[in-house]
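Before any comments, here is the structure.
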Amino acid sequence: MQIRSAIVAENPDPRLVSVGHSNHDWPAFAALLRGAGVTMLADVRSSPYSGRYPYFNREPLARGLRDENIDYVFLGDLLGGRPGLPSLYDEEGRVDYERVRRTERFQHGLEQLMHGRGGNTVAFLCSEEDPLDCHRGLMIAPALCERGCPPSHLRKDGSLETNEQMERRLLEKTGVGAGILDGLFVATLSQEERRSLLAEAYRCLALRKAHRLQGEPDEE
Numbered sequence: 087m088q089i090r091s092a093i094v095a096e097n098p099d100p101r102l103v104s105v106g107h108s109n110h111d112w113p114a115f116a117a118l119l120r121g122a123g124v125t126m127l128a129d130v131r132s133s134p135y136s137g138r139y140p141y142f143n144r145e146p147l148a149r150g151l152r153d154e155n156i157d158y159v160f161l162g163d164l165l166g167g168r169p170g171l172p173s174l175y176d177e178e179g180r181v182d183y184e185r186v187r188r189t190e191r192f193q194h195g196l197e198q199l200m201h202g203r204g205g206n207t208v209a210f211l212c213s214e215e216d217p218l219d220c221h222r223g224l225m226i227a228p229a230l231c232e233r234g235c236p237p238s239h240l241r242k243d244g245s246l247e248t249n250e251q252m253e254r255r256l257l258e259k260t261g262v263g264a265g266i267l268d269g270l271f272v273a274t275l276s277q278e279e280r281r282s283l284l285a286e287a288y289r290c291l292a293l294r295k296a297h298r299l300q301g302e303p304d305e306e
């Protein structure tokens, strides 16, 4: 897998952001979206329901967004982190994000997500606050980078983290490239070598974070 944004700064698309509903109450979440200028929300949860926070269930969420003049679209069947096909899971029952990204359904979902921008600022939603804990950061974001459209990530405090900043945290968290990307010879690395290291970091964290068939239930 090639990752275009490997340590090289790219301008994020200000009209495309990822967000996690986390444990926000509804007024705080609505204010978060308004503050980022969001006009359309794409729900990328495979199961768009929350036992703890029922206002994030699909139907009440769509109604609440409508009151905020924010359009709602469900893309969890195409971009969700818990696909239905057994072939998209590894031998340990874990979702293989790279296999998912190669499917026509996923690519169709990406096209819909990107097409939705138009005159909109689109947020794609899952549950976790930190994109590094979520398939939206580890599966969807790198695919958008491949299409030359790195997203930003709307954090709980209202700040926007660029995908480049997220990837720097990814490298630090996984330790991939330690002593190379921060060493004396970093300037000699080719773009291909940088991209390879970043792809390995995504792969490494996905092994820890991806949904398992017999794991604890989640909302991806």
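Take any residue in the sequence shown, count from 1 to its spot, add 86: that is its number in the numbering used here.
C-beta atoms are modelled at their ideal positions from N, C-alpha and C, and glycine is treated no differently.
Here the structure is a predicted model, which is why all the values come from computation and not from measurement.
- Contact between Val130 and Phe210 holds, with the beta-carbon distance rounding to 5 angstroms and staying under 8 angstroms.
- Within the same chain, no residue comes within 6 angstroms of Asp153 by CB-CB distance, once the 5 residues on both sides are set aside.
- As DSSP reads the structure, Val105 sits in a beta bridge with Leu211 and Leu240.
- For the options Glu258, Met126, Arg294 and Ala117, the alpha carbon positioned closest to that of Asn206 is the one of Met126.
- Taking a 10 Å sphere around the C-beta of Ala296, we find 16 or more other C-beta atoms and assign the residue as buried.
- Judged by their CB atoms, Thr260 and Ala287 are nearer to each other than the 8 angstroms cut-off.
- When C-alpha distances from Gly150 are compared across Asp268, Asp182 and Phe115, the shortest belongs to Phe115.
- Residue nearest to Gly263 within the set Cys212, Arg281 and His221 is Arg281 (criterion: CA-CA distance).
- Per DSSP, reduced to three states, the secondary structure at Arg294 is helical.
- Two segments are said to touch when three or more pairs of C-beta atoms, one from each, lie closer than 8 angstroms; by this definition the region 237 to 254 touches the region 212 to 222.
- Per DSSP, the unbroken beta strand (DSSP E) holding Glu247 starts and ends at Leu246 to Thr248.
- Partner residues in the beta bridge of Val181, as assigned by DSSP, are Tyr175.
- In the DSSP assignment, Asp153 falls within the alpha helix (DSSP H) that extends over Arg144 to Asp153.
- Judged by their CB atoms, Gly195 and Val181 are not nearer to each other than the 8 angstroms cut-off.
- In terms of Cβ geometry, Leu299 and Tyr175 form a close pair [threshold 8 angstroms].
- In the DSSP annotation of this structure, the continuous segment of the beta strand (DSSP E) that includes Met126 starts and ends at Met126 to Asp129.
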